[in-house]
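In this text, residue positions in the sequence shown follow this note's numbering: the first is 284, and each later residue adds one. Below is one structure, written out as structure tokens; the observations come after it.
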Amino acid sequence: MSNKTGKNSRYLAIFSLVIVLAVAFVPAFSQPNLPGILSFAQQNPATNIGMGKPAIVQPGGTVQVNLQQNVQVGTVSSAYMYTVVYDSGLKIRNYTVTVAGSGNTLTLSIPPSVEPGLYDLVIKGSTTIRLPRSVWVYKTLPSKLKIVHFSDQHYGAGQPDVITGDMNRLAGYLVASLLGPDFIIDTGDIADTASADQYAQAVSFEYAFLYSYPILAIPGNHDHPPDSFTKYYGDTTWYRVIGGKLLVIGLFSPEQGYPPMEQLQWASQVLEANKDVPIKIILVHHPVFYYQGEIKTRYDDQNVIAPYDPQKNPNSPVSSYWGANMDAVRYFLKMIEDYKVNYVLSGHVHRDLFTKYTSTRTGSTTYFITITTLGMGSAIYDGLDFYTLDLTTGNLDFPIKPPTFIGFNNDSRKLAQNSIPVGIYPPKNDLGASNQVFTPTNYLQAGDAYVFSVENDLSYLDLENTVVWCFPWTGDFNIKVLNALNGASIQVLDKMFLDGKLYVALHVKLPYKGRLEFALYKAPDNQPPTIKVKMLNPAQPASGATVNVFVEVADPGWGVKNFTASYVLAGKEYKLTPELYSPNTLVSPVTSFVYKLTIPPIQNVDSITIKMVAFDNAGNQATSEYTLRYATPASAANAPTSLLIVVAALIIIAIIFLVFIAVKRRKKTP
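Quick look at the structure:
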């Protein structure tokens, strides 16, 4: 045997030992079969259109596409737009689009035959680019537009934890879709820390659960710096004219709390160019006013429009954000007075503040509507607003009013409860709000199924609509209703597989006190979950110590539903409260959960029995028992000696192995 061969043998032995040790301590993981909603995530190839700012056009119109600087499509060979709609069944609408121009600026000609809908756009050249939900085609507008307004989604965060945020965001999407809006407005803080991962989550879940609805979105201060925002949503400022009747302007107020002056000047130019459009809405994340009620004044009234100061001027209606730059405040207010802007929609403060501003200079009235957060905890609740906008009169109505609705009435607390609350609100705050249940929504992406439960605890709201959801999918599709209470129902009207996606039309009925649990699945789950104790802390607990037991509950089929545990001591059973240890978010598929069981200090005991029960979402049950042994003082003291004995034994075995190789090598040497 050569020296090289001997070295290789030794390296192989060491490498094998490392692999064995690594495998022994790596947690079990089962790769989900369904791709997961996050596989929808893609950056936006364009700056001026896309999710969050679709082009709005009539059949036969044109759309300009400004590509991101790093996107090169080359010479365009073909282009088309498509969508899936429900019309007595799911139908695909697919149209060839004519493209003119070159480089990063293209002009699309929309065929006159295009039916209304929200379309994905595909452009093929040397590369193929896709712009999801980027072209909104309408023929005629209804006399009243239905609008859902939400804000401050804060993907990547939630109170008291991220999972609560995940569930409340989805609850908002479900309520929004069941309200059946013509479009949705989002006034910023889409992400919590402006990370690319959080925008990937946002565009994926919006595509899946808000597939049919155009979204007009602006960034907030948590979307600053806007590098990742622009990669997924494009420009931070924009405007759209809808049917010659409605102008919507989107502004960007970063961490400073107000838009820079050059942006306000740009907005003034847009208003001047579109002054004949009768209804005007401005979206800006930070509210100009931190005030609830009516104000009659003018932009240059220094007695009313003054900087907020808690000592010198505590009654100023101007928010402390904008109040840091009174030149910007006065410019903005003069602009809305001059151009008779109807509405200014905002978020940021995670509470409702409705301000009716009437200019004593022009006689015009502008309604400033600031709403609560959708998924990050608030003064009272997470929620959304639902408006109907009369395109003839410009009047905004609230067709669904909570019992707490006060509209634009004065409230010295600077607090309204006008929005429709969604999800749950468990944190306790100084306003006495905690553990409120509105539309609790749970969901899980597992290996073979998406499992949902949703409930309506709002007495004034009966929800019913046909919605189209879209999922990344492989394999067959079925639905199983696991539970339906108090008149709630769900029915699959149609399904369609297209290009790796499942489109499913669902008719959902969710009246007050209605509850639904259902699974959308590719394969049945007949196997129970598995329960395995992964780790103890401390590893060798002594009698009288607090012990943390980490338990993995796994189910690769439909996922884990719940887990309970108790321990038995002297024939008596004591209930334990499992604490979820991982995962900390539900945006990705999950096939196992790790729970922490805290065993309180128990004196003078050698062992206890821990009983554990787990159910999966298919109803399969697993039980397990684990004997937790406590180290006596003597055995605890001998523990290091025992460890040394084991290590010494391993060293002796290794030496014997090396001597054996050396002897064998010497025999073979001529």
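Cβ coordinates follow ideal geometry from the N, Cα and C atoms, glycine included. Everything numeric in this text was worked out from a predicted model, so none of it was measured.
Shown here, A771 sits in coil according to DSSP, grouped into three states, outside any helix or strand.
A direct Cα-to-Cα measurement between K855 and G827 gives close to 18 Å. For the pair of segments examined, the region 592-609 was found to touch the region 568-578: the number of CB pairs separated by less than 8 Å reaches three.
Ranked by Cα distance from H432, the options N867, Y670 and G372 are led by Y670. For L457, the secondary structure class from DSSP, reduced to helix, strand or coil, is helix. With a threshold of 16 other beta carbon atoms within 10 Å, M544 falls short and is exposed. Uninterrupted beta strand (DSSP E) stretches at least 3 residues long and entirely within the region 723-801 occur at 724-728, 732-738, 746-755, 761-768, 772-781 and 784-793, given in chain order. Exposed is the label assigned to Y743, since fewer than 16 other Cβ atoms lie within 10 Å of its Cβ. Counting along the chain, the unbroken beta strand (DSSP E) around V346 starts and ends at T345 to N349. The alpha helix (DSSP H) runs lying completely inside the region 359-441 and spanning 4 residues or more number zero. Bridge pairing for G706: T722 [DSSP]. Judged by their CB atoms, S487 and G408 are not nearer to each other than the 8 Å cut-off.
By the criterion of a C-beta distance shorter than 6 Å, N761 is surrounded in its chain by Y804, once the five residues flanking it on both sides are discounted. Looking at the DSSP output, M895 sits in a beta bridge with A848 and S907. Burial of I663 is indicated by the presence of at least 16 other C-beta atoms within 10 angstroms of its C-beta. Within the same chain, P497 come within 6 Å of F466 by CB-CB distance, once the 5 residues on both sides are set aside. In the structure shown, L547 adopts helical secondary structure according to DSSP, grouped into three states. Nearest Cα to P824 within the set S890, K684, K778 and D713: S890.
If you check the CB distance, G463 and K422 do not come in under 8 Å.
Looking at S702, D472, N887 and Q552, the one whose alpha-carbon comes closest to that of T687 is S702. If only complete runs of 3 or more residues are kept, the region 595-654 shows the beta strand (DSSP E) at 626-629, 636-642 and 648-653, in order along the chain. Counting along the chain, E835 sits inside the beta strand (DSSP E) bounded by residues V830 to A837.
Close CB contacts of K778 within its chain, under the 6 Å cut and outside five residues either way in sequence, are with F760 and V787 (chain order). DSSP, reduced to helix, strand and coil, places G503 outside both helices and strands of the structure shown, so it counts as coil. Under the three-state reduction of DSSP, V340 is assigned to strand. Of the candidates L911, P502 and A732, the residue whose Cα lies closest to the Cα of K817 is L911.
When the beta-carbon positions are compared, I565 and L534 come within less than 8 Å of each other. Your pair H437 and H507 does not check out as a contact, with CB atoms roughly 14 Å apart and the cut at 8 Å. Taking C-beta separations shorter than 7 Å and ignoring five residues to either side along the sequence, the partners of Y582 in its chain run I588, R613, L616, K617 and E620, following chain order.
Our two residues, I683 and V791, have alpha carbons roughly 19 Å apart in a direct line. Membership of K514 in any beta strand (DSSP E) is not indicated; the residue belongs instead to the alpha helix (DSSP H) covering D510 to Y516.
Taken atom to atom, the span from the alpha-carbon of L859 to that of P600 is near 51 Å. For V486, the enclosing alpha helix (DSSP H) covers residues A479 to F492.
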